[in-house]
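Have a look at the structure below, then the notes.
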Amino acid sequence: MKPIWKWIIGIITSLLIIIVAGAWYLSRHWKPILDAQIKEAVIKSTDSLYLIGYDDLNFNLITGNASISSLRLTVDSTRYAELERQQQAPDNAYNIRIENLRIRSFHPRRILTGRRLQIDDIIIDTPDIHIVSKYHAYNDTIVTKRDTQTLYQRISGILNEVSVHNIHLNDIRFKFSKQTDTTTNETVLNNLNVKVSDILIDSVSQFDTTRFYHTRAIEADVPGFRYETPDSFYYVSFDRLQIATLYKQVTLTGLKYAPTMSKDEFYKRKKMAKDMAVIAFPTIRLEDVDLQRFVSSQKLQAGSLHIDSGTVAISNDLRYPKQPTDKIGK
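Residue numbering for the sequence shown follows the working numbering, beginning at 7 and increasing consecutively.
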């Protein structure tokens, strides 16, 4: 081998070693810097209402992978109480815990050369989301200034593009607690799975009407749910709920509305001859659902409704007195 080639190979090898060693060093020594910046950003953006913590943070500039274990976003109860005294506390407070968050291939070179944050996959395992809702009358009179900036306009000073191929949220536990002065009502959903595909935030996608909030598709799968009415006489349940934003479709299987007790027990408690209903539908499918309208105004509008058979059974027990009727004005 000629000396010149030995020099070239030696220089290239040395450069590679320096690059690898430098990336390793930065990955190790940037951790405390990142830790401080993340915590400061959360405190500033939430007016000190939320705190963030985690057990471990790892990232690798060579592979473009990162992970956070036992991530926690919690409400600072002292700060919340202070905001309540100042009549500035929000109605909803969020507590979020994530067992493991992994980022696969965030392509550091593209960030440096083109200000493009492109991520292959984000995997979020066993997130626990707890929303506590507490009514504050003063929030009804507060007029909030509408933010007219698009998401792209907010990031354009730092990045030209943000894209994520897939986000997987696995085995979600969701809990909603509605607090009043005397009671707390809770709704719990377990084992939810959500997949978000092809997220794109750039100067063009913000005007793409085929996307749903910058995503090409969101698939949500709720394996089962049961809710009892406040009087404990009936429950509503389903076996599975599937939502597909790409096809604008919502499918509900195993829907049932039925008493929580036997017929004899039902009338013993009612003490009157009131109709008892049992309603069941194997499959209900909504097509061409206007999901944008549902999110913005909580109004459900669909192009068509398909019901796969079903049964409706109404019964009564005439051994009990009939329900009295108000005949005034008749």
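We put the CB at the ideal spot given by N, CA and C, even for glycine.
Remember, it's a predicted structure, so these values are computed and weren't measured experimentally.
Quick check on residue i: buried or exposed, where buried means 16 or more other Cβ atoms within 10 Å of its Cβ?
i	result
H220	buried
E167	buried
P133	buried
A319	exposed
M282	buried
S51	exposed
V210	exposed
Y141	exposed
G70	buried
T84	exposed
S144	According to the sequence as given, residue 144 is Tyr; it is not Ser. Under this definition Y144 is an exposed residue.
L157	exposed
I15	For I15, the predicted model reports a pLDDT of 41, less than 50, meaning its position is unreliable; a value from the coordinates is still stated below. With fewer than 16 other Cβ atoms within 10 Å, it is exposed.
A87	exposed
F213	exposed
V301	exposed
I207	buried
V170	buried
T251	buried
What first and last residue would you give for the beta strand (DSSP E) that runs through residue i?
i	result
Y273	Here Y273 belongs to no beta strand (DSSP E); instead the alpha helix (DSSP H) covers K269 to K276.
P38	From DSSP, P38 is part of no beta strand (DSSP E) but of the alpha helix (DSSP H) over K37 to S51.
R232	F231 to E234
F244	Y240 to F244
T317	T317 to S321
D56	A small correction: the amino acid at residue 56 is Tyr; Asp does not occupy that position in the sequence shown. It spans Y56 to G59 - the beta strand (DSSP E) in which Y56 sits, taken as one unbroken run.
Alpha carbons only, please: which of the options is nearest the one belonging to residue i?
i	options	result
K276	K305, Y240 and L247	Y240
E105	I135, R122 and P114	I135
V81	Q92, R116, R103 and A72	R103
P327	H312, V138, K280 and A308	K280
T289	R325, S268, V295 and L247	L247
L40	L55, S54 and S73	S73
P236	D62, T189 and L206	T189
A223	F65, L297 and L77	L297
R78	Y60, T266, P38 and L306	Y60
Tell me, please, which residues DSSP counts as bridged to residue i.
i	result
K201	H174 and E225
I117	DSSP, once it has assigned bridges, lists no residue as partnering I117.
Q248	D227 and T257
I109	A72 and I128
A286	K262 and T317
Q185	K140 and T190
Would you say residue i touches the ligand ATP, meaning its beta carbon is less than 8 Å from a heavy atom?
i	result
S51	Absence of the ligand ATP from the depicted structure is noted, as is the absence of any ligand whatsoever, leaving it without description.
Need the endpoints of the alpha helix (DSSP H) that residue i sits in, please.
i	result
S302	L297 to S303
I161	L157 to I161
L67	From DSSP, L67 is part of no alpha helix (DSSP H); its letter is neither H nor E.
Worksheet item: Per the contact definition of three or more C-beta pairs closer than 8 Å, is the region 189-197 in contact with the region 217-235?
Response: Contact holds: three or more Cβ-Cβ distances are below 8 Å.
Worksheet item: Hey, is the region 162-181 in contact with the region 200-209, meaning 3+ C-beta pairs nearer than 8 Å?
Response: Flag = yes, the region 162-181 and the region 200-209 touch.
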